[in-house]
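S.K.: Handing you this structure, nothing more for now.
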Amino acid sequence: MSYQHILVLTGAGISAESGIPVFRAEDGLWEQHRVEDVATPEGFARNPQLVHDFYNNMRRSVKTKEPNPAHLALTKLQAGLEARGGTVTIVTQNIDDLHDKAHSHDIIHMHGALNSILCQHCGQSYEWHEDCDGTTECKFCHHQAMRPDIVWFGEIPYHMDAIERAIERCDLFMAIGTSGVVYPAAGFVSYCSRQGKPCLEFNLAPSANSGVFTQSFLGKAGTTLPAFVAYFLEHGTIPEPAAL
Ligand code: APR
């Protein structure tokens with residue numbers, strides 16, 4: 082196996098086949114909600130209840146969703162590579178927990194998680210599975226100052242040090258179901274590409290930075306990714322998209 086350390090970046094597209102809407106599409110979330118209202122610190126300051134309602138609804142809905150064949154293929158890839166002494170790090174922009182439900186590990190939630198809340202008073206965050214609002218008390222400092230533990234526009238993504246280490250170490254980069262317009266995640270491919278690492282894209286259609294990728298596997302991730310993983314684990318090489 083010539084590839085030992087894979088970095089996988091996932092976006093909303095990997096969860097679409099599980100019934101979770103993507104952000105940028107005709108029927109996407111950002112068509113129905115104004116980003117500035119529900120995904121910025123300023124929006125939360127203006128109308129916290131609107132923002133709590135938005136994420137409470139999403140948390141309730143995601144609770145009922147299950148991983149699809151694309152999430153499960155990544156778990157298989159991880160197990161297969163680890164059995165040969167390699168690693169697969171999954172950096173996700175998604176706030177759902179479908180990689181966790183698929184029993185993957187080494188998952189980095191760079192944009193936060195629906196199942197976590199953050200205290201604006203003491204800065205602690207912790208696991209949370211229920212509705213949250215302005216009366217929810219912090220379990221540490223007891224202030225009623227909780228917010229969704231989501232990285233909003235204008236905020237710095239989580240775990241950037243760990244992500245940088247994973248980018249340095251990887252010898253193969255895969256981006257799955259992401260539109261390639263939100264930075265810093267959209268810039269990972271350029272960084273890997275400059276270092277001569279193969280960069281693979283899995284998307285319904287070419288993403289905004291498709292030209293930087295070495296190869297594009299177009300189609301539903303729930304179809305292309307299981308086929309890719311089966312080939313990759315059997316042969317140890319990257320298939321031509323037409324071979325899948
Ligand atoms: N298989 C593969 N790709 C798919 C599928 C599918 N079944 N369905 C949709 N896609 C692709 C779309 O073509 C699109 O390129 O997934 C991508 C989804 O793009 P976005 O909705 O922009 O989601 P994402 O890239 O994850 O957004 C990045 O923006 O709004 C913020 O913080 C939010 O994490 C999010 C970030």
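Residue numbers (the working numbering): 82 to 325.
Note that CB positions come from ideal geometry on N, CA and C, so glycine has one too.
On a predicted model such as this, the values are computed, not experimentally measured, just so you know.
Which one or two residues does DSSP pair with residue 120 in a beta bridge?
M.R.: Its beta-bridge partners do not exist; DSSP assigns none.
S.K.: Exposed or buried, which one is residue 246 when buried takes at least 16 other CB atoms within 10 Å?
M.R.: It counts as exposed.
S.K.: So, are the CB atoms of residue 86 and residue 214 less than 8 Å apart?
M.R.: No, the pair does not count as a contact, with Cβ atoms beyond the cut-off.
S.K.: Smallest Cα separation from residue 185: which of 269, 166, 161, 155?
M.R.: Nearest option by C-alpha distance: 155.
S.K.: Taking the alpha carbon of residue 195 as the point to measure from, which residue in 306, 307, 208, 125 has its own alpha carbon closest?
M.R.: Taking only the C-alpha atoms, the option nearest residue 195 is 208.
S.K.: Scan the segment 243-303 and note each continuous beta strand (DSSP E) run of 3 residues or more that stays entirely inside, going in chain order.
M.R.: Counting whole runs of 3 or more residues, the segment 243-303 contains the beta strand (DSSP E) stretches 253-257, 280-284, 296-299.
S.K.: If we ignore side chains and look at the alpha-carbon of each, how far apart do residue 323 and residue 211 end up?
M.R.: So the alpha carbons of these two residues sit roughly 45 Å apart.
S.K.: Which residue spans inside the segment 153-186 form an unbroken alpha helix (DSSP H) run of at least 4?
M.R.: Whole alpha helix (DSSP H) segments, 4+ residues: 179-182.
S.K.: Can residue 167 be considered in contact with the ligand APR, in the sense that its beta carbon sits closer than 7 Å to one or more heavy atoms?
M.R.: False, no ligand heavy atom lies under 7 Å from that Cβ.
S.K.: Closer than 8 Å is the cut-off here; do at least three beta carbon pairs connect the segment 98-108 with the segment 305-321?
M.R.: Short answer: they don't touch.
S.K.: To the nearest angstrom, report how far apart residue 281 and residue 119 are at their CA atoms.
M.R.: If I take the Cα positions, the gap works out to 32 Å.
S.K.: Please tell me whether residue 269 and residue 248 are closer than 8 Å, where the distance is taken between their beta carbons.
M.R.: Contact: yes.
S.K.: For the beta strand (DSSP E) that residue 208 lies in, which residues bound it at each end?
M.R.: Counting along the chain, the beta strand (DSSP E) containing residue 208 begins and ends at 206-208.
S.K.: Quick check on this structure: which residue in 294, 233, 274 has the alpha carbon closest to the alpha carbon of residue 259?
M.R.: Ranking 294, 233, 274 by Cα distance to residue 259 puts 294 first.
S.K.: Where do the N-terminal and C-terminal ends of the beta strand (DSSP E) with residue 197 fall, by residue?
M.R.: Run containing residue 197: 193-200, per the beta strand (DSSP E) assignment.
S.K.: Does the ligand APR have a heavy atom nearer than 7 Å to the CB of residue 262?
M.R.: Yes, the beta carbon of residue 262 sits closer than 7 Å to at least one heavy atom of the ligand APR.
S.K.: Going by the beta-carbon positions, is the gap between residue 94 and residue 302 smaller than 8 Å?
M.R.: Yes, they are a contact pair.
S.K.: DSSP three-state label for residue 145, please.
M.R.: DSSP places residue 145 in coil when its eight states are reduced to three.
S.K.: Quick check: what's the CA-CA separation for residue 91 versus residue 130?
M.R.: Whole-angstrom Cα-Cα distance: 29 Å.
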